[in-house]
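Asker: In this note's numbering, the protein residues as written are 14 to 245.
Backbone N, C-alpha and C fix where the C-beta goes; we use that ideal spot for every residue, glycine too.
Just so it is clear, the structure is predicted and the values come from calculations on it, not from any experiment.
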């Protein structure tokens with residue numbers, strides 16, 4: 014009996030610790046997004062565009078969240094027209110863009126649904142698409158979806174809670190790459206966000222370039238923060 018009671022108490026403690034940790038991640042995400050959107054508005058947010066393979070970067074992000082997506086009962090696929098595309102972009106900003114869009118897709122896609130990430134090659138640009146079979150967005154809400162503090166779901170459902178900052182930040186980060194973002198959505202069928210970014214290369218001074226090394230632990234931490242408003 015004592016062992017059983019101890020186990021129940023331990024499970025209860027672990028549950029509350031998990032909730033506290035989740036809320037801490039949510040707070041970090043909200044504060045980080047607020048700081049960055051404020052910096053962008055003030056003209057004090059700077060990006061470091063370096064030449065890298067955008068296909069590999071996006072693929073690694075998709076692979077890193079695959080288990081999480083499957084744990085929610087959904088599937089995720091990665092479809093490409095090209096095996097490699099070296100271009101200039103800010104790695105940190107690109108990861109946040111893709112993770113944010115994936116977070117939205119997971120949040121609004123019920124168990125049994127699917128998410129598809131695709132990359133299309135155009136003459137002078139590339140298109141990254143994040144498509145899901147989620148609840149979709151009404152035409153009325155689509156016109157304001159990229160504005161600050163606008164939420165798709167204003168109900169009390171905690172499975173779809175957010176700060177309303179994410180997509181506005183995504184739009185700004187895409188704009189810092191001289192790119193555009195578009196939304197196509199049908200209520201009850203799903204949504205597709207398409208990012209188009211011009212392909213440019215930068216001259217990199219080998220003597221001054223600093224390589225940012227992102228460990229697997231760093232990536233896991235970032236995923237936890239970006240996905241923190243998806244409740245279990």
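1. Who are residue 101's beta bridge partners in DSSP?
2. Tell me where the beta strand (DSSP E) around residue 203 begins and ends.
3. So if DSSP puts residue 196 in a beta bridge, which residue, or which two residues, is it bridged to?
4. Name the two residues that bound the continuous beta strand (DSSP E) containing residue 140.
5. On a Cα-Cα basis, can you pick out the residue from 97, 84, 75, 103 that is closest to residue 90?
6. Assuming the contact rule is C-beta atoms closer than 8 Å, residue 60 and residue 106 should be a hit. Round their C-beta distance to whole Å, please.
7. Please state the DSSP three-state secondary structure of residue 94.
8. Exposed or buried, residue 80, counting other C-beta atoms within 10 Å across all chains shown (16 or more means buried)?
9. Inspect the CB distances between the segment 82-99 and the segment 36-46 and report whether three or more fall short of 8 Å.
10. Is the Cβ-Cβ distance between residue 119 and residue 208 less than 8 Å?
11. Have a look at residue 148 and residue 49 and give me their C-alpha separation to the nearest angstrom.
12. Can you name the residues that DSSP bridges to residue 130?
13. Locate the alpha helix (DSSP H) running through residue 184, then write down its first and last residues.
14. State buried or exposed for residue 92, treating a residue as buried only when at least 16 other CB atoms are found within 10 Å of its CB.
15. Check this for me: beta carbons of residue 88 and residue 145, under 8 Å apart or not?
16. Mark residue 215 as exposed unless 16 or more other C-beta atoms lie within 10 angstroms of its C-beta, in which case mark it buried.
17. Closer than 8 Å by C-beta to residue 161: which residues in its own chain qualify, once you throw out the five before and the five after it? Chain order, please.
18. If contacts are defined as beta-carbon pairs under 8 Å, then residue 212 and residue 138 qualify, I think. What distance do you get, rounded to the angstrom?
19. Is it buried or exposed for residue 117, if we count other Cβ within 10 angstroms and need 16 for buried?
Answerer: In short:
1. Numbered from 1 along the chain shown, position 88 holds the residue referred to as residue 101. Answer is 64.
2. Within the chain shown, residue 203 is the residue found at index 190, counting from 1. 203-211 is the span of the beta strand (DSSP E), which, as asked, contains residue 203.
3. For the purposes of this step, residue 196 is identified with residue 183 of the chain shown, where counting begins at 1. DSSP, once it has assigned bridges, lists 206 as partnering residue 196.
4. Translated into positions along the chain shown, residue 140 becomes position 127. Taken as a continuous stretch (DSSP letters only), the beta strand (DSSP E) holding residue 140 covers 138-145.
5. Sequence index remark: in the chain shown, residue 90 carries index 77 (1-based). Measuring from the Cα of residue 90, the nearest candidate turns out to be 75.
6. Working through the chain shown from its first residue, we reach residue 60 at position 47. Working through the chain shown from its first residue, we reach residue 106 at position 93. 6 Å between Cβ atoms; contact.
7. The count along the chain shown starts at 1 and reaches residue 94 at position 81. In the structure shown, residue 94 sits in coil (DSSP, three-state: anything other than H, G, I, E or B).
8. The sequence position of residue 80 within the chain shown is 67, counting from 1. Flag for residue 80 reads exposed.
9. no
10. Residue 119 sits at position 106 when you count from the first residue of the chain shown. Residue 208 sits at position 195 when you count from the first residue of the chain shown. No. Outside cutoff.
11. The count along the chain shown starts at 1 and reaches residue 148 at position 135. The count along the chain shown starts at 1 and reaches residue 49 at position 36. Taking the straight line joining both Cα atoms gives about 29 Å.
12. Here residue 130 is taken as the residue at index 117 of the chain shown, counted from 1. According to DSSP, residue 130 bridges with 91, 143.
13. Taking the chain shown and counting its residues from 1, one reaches residue 184 at position 171. Element bounds for residue 184: 179-188.
14. Numbered from its first residue, the chain shown carries residue 92 at position 79. Under this definition residue 92 is an exposed residue.
15. If you number the chain shown from 1, residue 88 lands on position 75. If you number the chain shown from 1, residue 145 lands on position 132. Going by C-beta atoms, residue 88 is not nearer than 8 Å to residue 145.
16. Here residue 215 refers to the residue found at position 202 when the chain shown is read from its first residue. Exposed: under 16 other Cβ atoms inside 10 Å.
17. Along the chain shown, one-based indexing puts residue 161 at 148. For residue 161, where only same-chain residues beyond five positions count, the Cβ hits under 8 Å are 50, 177, 178, 181.
18. Within the chain shown, numbered from 1, the residue matching residue 212 stands at position 199. Within the chain shown, numbered from 1, the residue matching residue 138 stands at position 125. Between residue 138 and residue 212 the Cβ distance is about 6 Å, and since that is below 8 Å, they are a contact.
19. Counting from one through the chain shown, the residue named residue 117 turns up at place 104. The residue in question, residue 117, is buried, as its Cβ has 16 or more Cβ neighbours within 10 Å.
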